[in-house]
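Engineer: Okay, handing you the structure first.
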Amino acid sequence: MRRFNNLMINEWLKLSKKRMFFMPYVLLILLPLLVGYIVHSVSAELFGSAFDFSSTMLLPNGIGQALTILAIIGTAGVVSKEYGQGTIKFLLIRARSRTAILASKYVIVLVYALTLTIVTTIAVYGSGILWFGLNGGEAGFSEILLSVLYGFVYTVVYVTLAFMIGILTTSTGVTIGITMFAITIDKLVISRDFYKYVLFPNLNLSAYEGNGAPMRGMTLSFSITMLAVYMLLFLLAGFVVFRRRDVA
Amino acid sequence: MNQIMMNQMTMKQQNVEPGKEAPLVLQMNGVSKIIKGKSIVDKLSFDIRKGEIVGLLGPNGAGKTTTIRMMTGLIRMSEGDVMIQGHSIRNDFKRAIAHIGAIIENPEFYPYMTGLDNLKQYQRMTDEVNDERINEVVQLVGLQEAMNKKVKAYSLGMRQRLGIAQALLQRPKLLILDEPTNGLDPAGIREMREYMRTIAEVEGISILISSHMLAEIEQICHRAVVIQNGKLVTVTKLGEEQEAAAQVKLTIRVDLLQSAIDIVEGTEIAQLNGMDSTRAELTVTLLDSNVPALVTALGIGGVGIYRITELKQSLEEDFLKWTGGNLIA
Chain A
1 MRRFNNLMIN EWLKLSKKRM FFMPYVLLIL LPLLVGYIVH SVSAELFGSA FDFSSTMLLP
61 NGIGQALTIL AIIGTAGVVS KEYGQGTIKF LLIRARSRTA ILASKYVIVL VYALTLTIVT
121 TIAVYGSGIL WFGLNGGEAG FSEILLSVLY GFVYTVVYVT LAFMIGILTT STGVTIGITM
181 FAITIDKLVI SRDFYKYVLF PNLNLSAYEG NGAPMRGMTL SFSITMLAVY MLLFLLAGFV
241 VFRRRDVA
Chain B
1001 MNQIMMNQMT MKQQNVEPGK EAPLVLQMNG VSKIIKGKSI VDKLSFDIRK GEIVGLLGPN
1061 GAGKTTTIRM MTGLIRMSEG DVMIQGHSIR NDFKRAIAHI GAIIENPEFY PYMTGLDNLK
1121 QYQRMTDEVN DERINEVVQL VGLQEAMNKK VKAYSLGMRQ RLGIAQALLQ RPKLLILDEP
1181 TNGLDPAGIR EMREYMRTIA EVEGISILIS SHMLAEIEQI CHRAVVIQNG KLVTVTKLGE
1241 EQEAAAQVKL TIRVDLLQSA IDIVEGTEIA QLNGMDSTRA ELTVTLLDSN VPALVTALGI
1301 GGVGIYRITE LKQSLEEDFL KWTGGNLIA
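So the sequence lines, in the order shown, correspond to chains A and B.
So for the first sequence, the working numbering puts the first residue at 1; every next one is plus one.
So for the second sequence, the working numbering puts the first residue at 1001; every next one is plus one.
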């Protein structure tokens, strides 16, 4: 276990020693303040309180989306940069299995996404208090937490996708490109029955709020199952390829 | 004079030491790499014993890098196995690789981290490497002053040194260096050579150096493994050992060419191979041990000697002979 901890420390340092490491955090603090200001100046009555503002903004189609994009950018290089910089050679000639090395990278990707989510949640809530106050409104803490959960699921699925593409393509640019393209088209709905088995309509679990559904015939448990299956596929593909690939 | 003798003695001893009794550090057992039906490396077998410095020679595209990447587990073997200290790279990778330190092609580090941070990355991936060991290897490669600078500010020579520090960190039994002098200037190459000698002496480890720079290999290695088109061409001994009892070919420049020729033809110990009257030079073949006798004979005969040059068949000539010119298949 101590060995795995050390691998994770390594991965965290590789992320956090970068000069631009704090940029996403700064953006995710400034963005809610700005959005709050704009919404408040356009229509101050739109949100009753900080709780209303936060539970809406943190959804995958609000500020949650910006959070996901920044998490993807951070994730894209975790494996592919090792190939790009050539450091993969020094990384893989140690007495550690490739599986353990890749697993430590994935755990750190999840930790990174979690820290971004926590910072964003606090920033959005703070912005809500600043512009809309704590009184009134309908929502409470539980609504905020639920929105955070929806947002986090969306982010985790996307960083897992980016993680896999990063392994398969070994190119940071291509990884960001493909994943961003996926984000831009994931709101499209194709009204055919097969489409519910595609990843995209299952991504935003908040669609089930108030007895709704993204498409007819879909349920919350169906979507959760689909997401789990896709995540497993992504990870399986990533680990199998990483373990077997020749470093030429 | 005494010191030179001493040096030669120690050199000799070193050459003798990795003899038959020294334990095997690396065994290549019929290793092949087949990509799309084509053998990149074909049933390659050779051994490295403790304390040996071995050169892996071959023209571009001979399969040197593929071979080294298979030894270090970066590339899968199609056939055969590599044993390091008796552990299989194929089936017992973690225990086998723990005895290897390597630089494969260019030493590449995380450029935004300092040299020390980079070394610490590898310390955390290795069991039983403490901070003291880091200081030790840093001192061995002479990077103390640069440890807190970011690697992106390092010169290629400094990165090579950090690469060596990285490779030595886990006290390997075998150091693998792939084209270690690539991109270094003459001073850097010389420095590198000195490091390798120091490392072999101080750390007492075997070194495998891949290169197409023949002069490099010739100067530092005890043995050379020559491969071409992925196949073993020959394994040859280098340096003093080879010369000890052998015949030498000398070119001697004299003042009186004809008298010199008469003297050489009059003795039993030397054979005249040829002469160059415009340069007043003659070429003779004789046993190494008979050289002083010939010089004395020339002196007694009143022949003045300007210079004596050994006509050495260089590794380069051998290499071209073995590999059949510069054909790249």
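Beta carbons: idealized from backbone N, C-alpha and C, even for Gly.
Note that the structure is a prediction, hence the values are computed from the model and not measured.
Looking at the structure shown, is B/Arg-1090 part of a helix, part of a strand, or coil, going by DSSP?
Structural biologist: Three-state DSSP puts B/Arg-1090 in coil, outside helix and strand.
Engineer: Which residues in the same chain as B/Leu-1184 place their Cβ atom closer than 7 Å to its Cβ, once the five residues preceding and following it in sequence are excluded?
Structural biologist: Taken in chain order, the residues that qualify are Leu-1156, Gly-1157, Gln-1160 and Met-1192.
Engineer: Could you name the residues of chain D that B/Asn-1290 contacts, counting a contact when the two beta carbons are closer than 8 Å?
Structural biologist: No chain D appears in this structure, whose protein chains are A and B.
Engineer: Using 9 Å as the limit for Cβ to Cβ distance, is B/Thr-1072 near chain A?
Structural biologist: It does: the Cβ of B/Thr-1072 has a partner Cβ on chain A nearer than 9 Å.
Engineer: Just list the residues that DSSP pairs B/Arg-1307 with in beta bridges.
Structural biologist: The partner list for B/Arg-1307 (beta bridge, DSSP) reads B/Arg-1253.
Engineer: Using a C-beta cutoff of 9 Å, does B/Phe-1046 count as contacting chain A?
Structural biologist: With 9 Å as the cut-off, B/Phe-1046 does not count as an interface residue toward chain A.
Engineer: Give the range of the beta strand (DSSP E) segment to which A/Gly-177 is assigned.
Structural biologist: Run containing A/Gly-177: none in the beta strand (DSSP E); it sits in the alpha helix (DSSP H), 172-185.
Engineer: How is the alpha helix (DSSP H) around A/Ala-123 delimited, first residue to last?
Structural biologist: Looking at the DSSP string, the run of the alpha helix (DSSP H) that includes A/Ala-123 is 98-132.
Engineer: Quick one: which chain A residues come within Cβ less than 9 Å of B/Glu-1128?
Structural biologist: Within 9 Å Cβ-Cβ: nothing; B/Glu-1128 doesn't reach chain A, min ~11 Å.
Engineer: Using 10 angstroms around the beta-carbon of A/Arg-96, count the other beta-carbons present and answer buried if the total reaches 16, otherwise exposed.
Structural biologist: Label assigned to A/Arg-96: buried.
Engineer: Tell me whether B/Gly-1304 counts as near the ligand FAD, meaning its Cβ is closer than 8 Å to at least one heavy atom of that ligand.
Structural biologist: Questions concerning the ligand FAD fall outside what the structure shown contains, since it holds no ligand whatsoever.
Engineer: Taking C-beta pairs closer than 8 Å, name the residues in chain B that A/Ile-108 reaches, listed in chain order.
Structural biologist: Chain B residues near A/Ile-108: none, gap ~13 Å exceeds 8 Å.
Engineer: Name the chain A residues that come within less than 7 Å of B/Tyr-1112, Cβ to Cβ?
Structural biologist: Under the 7 Å cutoff, chain A gives Lys-17, Lys-18 and Arg-19.
Engineer: Just to make sure I have the definition right: I need the residues of chain A whose C-beta is within less than 9 Å of the C-beta of B/Arg-1159. Which are they?
Structural biologist: Those within 9 Å of B/Arg-1159 in chain A number zero; the least Cβ separation is about 11 Å.
Engineer: Which residues bound the alpha helix (DSSP H) around A/Ile-69?
Structural biologist: Where A/Ile-69 is concerned, the enclosing alpha helix (DSSP H) stretches over 63-85.
Engineer: Exposed or buried, what is A/Leu-220 when buried is set at 16 or more other beta-carbons lying within 10 Å of its beta-carbon?
Structural biologist: Its Cβ having fewer than 16 others within 10 Å, A/Leu-220 is exposed.
Engineer: Between which two residues does the beta strand (DSSP E) holding B/Asp-1047 run?
Structural biologist: Unbroken beta strand (DSSP E) run through B/Asp-1047: 1038-1049.
Engineer: Can you confirm whether B/Glu-1241, when its beta carbon is compared against all beta carbons of chain A, has any partner nearer than 9 Å?
Structural biologist: The pLDDT assigned to B/Glu-1241 is 49, lower than 50, so where the model puts this residue is not dependable; a value taken from the coordinates is nonetheless given after this. Cβ-Cβ to chain A under 9 Å: no for B/Glu-1241.
Engineer: Given B/Gly-1163, which residues of its chain have a CB within under 7 Å of its CB, disregarding the five upstream and five downstream residues?
Structural biologist: Excluding sequence neighbours, B/Gly-1163 sits near Ile-1103 and Pro-1107.
Engineer: Quick check on B/Asn-1135: buried or exposed, where buried means 16 or more other Cβ atoms within 10 Å of its Cβ?
Structural biologist: With fewer than 16 other Cβ atoms within 10 Å, it is exposed.
Engineer: List the residues of chain B whose Cβ lies closer than 8 Å to the Cβ of A/Ser-97, in chain order.
Structural biologist: Result: Phe-1093 and Lys-1094.
Engineer: With a cut-off of 8 Å on the beta carbons, I'd call A/Leu-70 and A/Pro-24 a contact; round off their distance for me.
Structural biologist: Indeed they touch by this definition, with Cβ atoms about 4 Å apart.
Engineer: Using a Cβ-Cβ cut-off of 7 Å (strictly less than) and excluding sequence neighbours within five positions of A/Ile-176, which residues of its own chain qualify?
Structural biologist: Correct list, in chain order: Ile-72, Ile-73 and Ala-76.
Engineer: If you run the structure through DSSP and keep just helix, strand and coil, what is B/Ala-1293?
Structural biologist: Three-state DSSP puts B/Ala-1293 in a helix.
Engineer: Does A/Met-231 get closer than 9 Å to chain B when you measure Cβ to Cβ?
Structural biologist: Not one chain B Cβ lies under 9 Å of A/Met-231.
Engineer: According to DSSP, B/Gln-1271 sits in a beta bridge with which residue or residues?
Structural biologist: B/Thr-1285, per the DSSP bridge assignment.
Engineer: Taking Cβ-Cβ distances shorter than 8 Å, what residues in chain A pair up with B/Tyr-1122?
Structural biologist: Ordered by position in chain A, the residues that pass the 8 Å Cβ test against B/Tyr-1122 are Phe-90 and Arg-94.
Engineer: Three Cβ pairs or more, each shorter than 8 Å: is that satisfied between the region 1290-1305 of chain B and the region 1203-1218 of chain B?
Structural biologist: Flag = no, the region 1290-1305 of chain B and the region 1203-1218 of chain B do not touch.
Engineer: Within its chain, find whatever has a CB closer than 7 Å to the CB of B/Gly-1063; leave out the 5 residues flanking it on each side and keep chain order.
Structural biologist: Within the same chain, B/Gly-1063 has close Cβ partners Ile-1040, Val-1041, Ile-1227 and Gly-1230.
Engineer: Please classify A/Ser-206: does DSSP put it in a helix, a strand, or coil?
Structural biologist: Correct three-state label for A/Ser-206: helix.
Engineer: Please report the residue range of the beta strand (DSSP E) in which B/Ser-1211 lies.
Structural biologist: Residues 1206-1211.
Engineer: Considering only the beta carbon of each residue, do B/Leu-1074 and B/Ile-1048 sit closer than 9 Å?
Structural biologist: Cβ distance not < 9 Å, so B/Leu-1074 and B/Ile-1048 don't count as in contact.
Engineer: Just the chain B side, please: which residues come within less than 8 Å of A/Ile-246 by C-beta, in chain order?
Structural biologist: Position check: residue 246 of chain A holds Asp in this sequence, whereas Ile was assumed. The contacting residues are Arg-1069, Leu-1074, Ile-1075 and Arg-1076.
Engineer: Identify the continuous alpha helix (DSSP H) that holds A/Thr-169 and give its terminal residues.
Structural biologist: Note, A/Thr-169: alpha helix (DSSP H), 141-169.
Engineer: At least one CB of chain A closer than 9 Å to the CB of B/Gln-1166: is that the case?
Structural biologist: By this cut-off, B/Gln-1166 is an interface position.
Engineer: Rounded to whole angstroms, what is the Cα-Cα separation between A/Met-180 and A/Leu-34?
Structural biologist: Each residue's Cα considered, the two are about 23 Å apart.
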